[in-house]
Amino acid sequence: MRILLLGADGQIGFELDRALAPLGRVVATTRSGRLPGGATCRALDLADLVAVRALVLDERPDWILNAAAYTRVDDAEREGDLAFRINADAPGAIGAAAAAVGARVLHYSTDYVFAGRGDRPWRENDPTDPINAYGRSKLEGETQLRAATPAHLVLRVAWVHAARGRNFLRTMRSLAAGRGELRVGDDQVGAPTPARWIAEASAHAIARLGLAVPGDPRFGTYHLAPAGSTTWYGFARAIVARAAAAGLIVRAPRVVAVSSDEFPTPARRPAWSVLDATALREVFGLALPDWSYGLDAVLGEIAAARESGQGAIP
Ligand SMILES: NC(=O)c1ccc[n+]([C@@H]2O[C@H](COP(=O)([O-])OP(=O)(O)OC[C@H]3O[C@@H](n4cnc5c(N)ncnc54)[C@H](OP(=O)(O)O)[C@@H]3O)[C@@H](O)[C@H]2O)c1
Numbered sequence: 001m002r003i004l005l006l007g008a009d010g011q012i013g014f015e016l017d018r019a020l021a022p023l024g025r026v027v028a029t030t031r032s033g034r035l036p037g038g039a040t041c042r043a044l045d046l047a048d049l050v051a052v053r054a055l056v057l058d059e060r061p062d063w064i065l066n067a068a069a070y071t072r073v074d075d076a077e078r079e080g081d082l083a084f085r086i087n088a089d090a091p092g093a094i095g096a097a098a099a100a101v102g103a104r105v106l107h108y109s110t111d112y113v114f115a116g117r118g119d120r121p122w123r124e125n126d127p128t129d130p131i132n133a134y135g136r137s138k139l140e141g142e143t144q145l146r147a148a149t150p151a152h153l154v155l156r157v158a159w160v161h162a163a164r165g166r167n168f169l170r171t172m173r174s175l176a177a178g179r180g181e182l183r184v185g186d187d188q189v190g191a192p193t194p195a196r197w198i199a200e201a202s203a204h205a206i207a208r209l210g211l212a213v214p215g216d217p218r219f220g221t222y223h224l225a226p227a228g229s230t231t232w233y234g235f236a237r238a239i240v241a242r243a244a245a246a247g248l249i250v251r252a253p254r255v256v257a258v259s260s261d262e263f264p265t266p267a268r269r270p271a272w273s274v275l276d277a278t279a280l281r282e283v284f285g286l287a288l289p290d291w292s293y294g295l296d297a298v299l300g301e302i303a304a305a306r307e308s309g310q311g312a313i314p
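Sequential numbering of the sequence shown, starting at 1, is according to the numbering used here.
What follows is the structure, encoded as structure tokens:
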């Protein structure tokens, strides 16, 4: 299979580059034309819709994976046009170009398409109603992709973390190094998900679909999430306790549960981000373990990098 991977230097994109390798030839792109290790790759700015189409027509892949997105949730409130171009128009352009060459598309979306008040995990067909500009741009991206090609998988994910990149786990670990106390919101619920689990599940789904043609009932929108749930406070407590036990922080600060109102942000966040992943299990046989095992896996990766003398992961 020929696979075109867009956004190979994000949290999920980095993991995809490795997870997809056994499936065929992977052509990776980043905005800079550089991969995280420094090697060169094809450069692609998703804001350039003409370039997006030209690249797809040039590569003629069997699958396109779009791991690139405008992910700065707060900045999206004032850069709405740019966020929409990257998160909404680009997936539409990717879908149209894919349809032109017979490619299939796997694209990532978010729990932020939902309004964020709930009492049971969100199902794929629950009504959407985003409460911030990022969520609106991602929802419009789903819509544009669906309209452009039926041969798509939209995987909605939430609370992504990894050993590298910008994420809550890394922020907590670095704050823990210098503070005696961490105050963390205890009123938003979700399931922290390792980028590596998302990449491996994505590769599994693609392997199962292979060269499926439009009309295959397995194409569509799915929630990809681990079992269980917690709050940011619960996640922070687990990070601190396990990082301290693994020697990744010198001393464990006290973690205090507070209202998220204590940390006003330009963009509102959903209070309920739990995704029901039943459909993914039924259609693709995929079920992720409890989120806490994912935390252990990522901390284990950070510890292994340190022990191997690799030092801090960027
Ligand atoms: N992180 C989460 O908690 C979360 C939650 C729900 C859904 N998601 C979705 O999951 C997907 C992957 O997220 P992630 O956490 O891996 O994101 P990430 O680590 O923030 O990476 C985003 C990637 O997109 C690239 N990008 C941004 N603007 C671009 C542009 N104009 N042209 C080309 N590349 C561009 C970035 O490249 P640069 O380095 O050049 O900026 C980066 O490689 C996204 O669709 C996101 O919406 C993430």
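The beta carbon of each residue, even a glycine, is placed where N, CA and C say it ideally should be.
Scanning the region 61-108 from its first residue to its last, the whole beta strand (DSSP E) runs of 3-plus residues come out as 63-66. In this structure, the beta-carbon distance from Phe168 to Trp272 does not fall below 9 Å. Here the region 136-145 does not lie against the region 177-190, with fewer than 3 beta-carbon pairs under 8 Å apart. Between Gly10 and Gly165, the gap from beta carbon to beta carbon is short of 9 Å. For Tyr222, the uninterrupted beta strand (DSSP E) segment begins and ends at 220-223. Ranked by Cα distance from Trp63, the options Thr230, Leu275, Asp261, Ala207 are led by Ala207. At a Cβ-Cβ threshold of 9 Å, Glu301 and Ala163 count as neighbours.
Between Thr30 and Leu175, the alpha-carbon positions lie close to 29 Å from each other.
When DSSP states are grouped into helix, strand and coil, Gly300 belongs to the helix group.
Cβ contact annotation for Ala88 (same chain, cutoff 6 Å, sequence separation greater than five): Ser137, Glu140, Gly141, Gln144, in chain order. DSSP, read as helix, strand or coil, puts Pro217 in coil. Of the other Cβ atoms in all chains shown, fewer than 16 fall within 10 Å of the Cβ of Arg25; this residue is therefore exposed. A contact is defined here as three or more CB-CB pairs under 8 Å, and the region 281-291 fails this definition with respect to the region 126-135.
Judged by DSSP secondary structure, Asp17 falls within the alpha helix (DSSP H) whose first and last residues are 11-19. Taking the Cβ of Ile86 as the reference point, at least one heavy atom of ligand 1 falls within a distance shorter than 8 Å. Leu288 has its Cβ no nearer than 8 Å to any heavy atom of ligand 1.
Ranked by Cα distance from Thr230, the first of Asn66, Val213, Asp187, Arg18 is Asp187. The beta carbon of Leu57 sits no closer than 8 Å to any heavy atom of ligand 1. Taken in chain order, the complete alpha helix (DSSP H) segments of 4 residues or longer contained in the region 197-282 are 232-245.
The beta carbon of Gly118 sits closer than 7 Å to those of Trp272, all from its chain and outside the five residues before and after it, given in chain order. Within the same chain, and ignoring the five residues on either side of Ile249 in sequence, the residues whose Cβ sits closer than 8 Å to its Cβ are Arg173, Ala176, Ala177, Val240, Ala243. Val184: member of the beta strand (DSSP E) spanning 181-185, first to last residue. Annotation: the continuous alpha helix (DSSP H) that includes Asp58 extends over 49-59.
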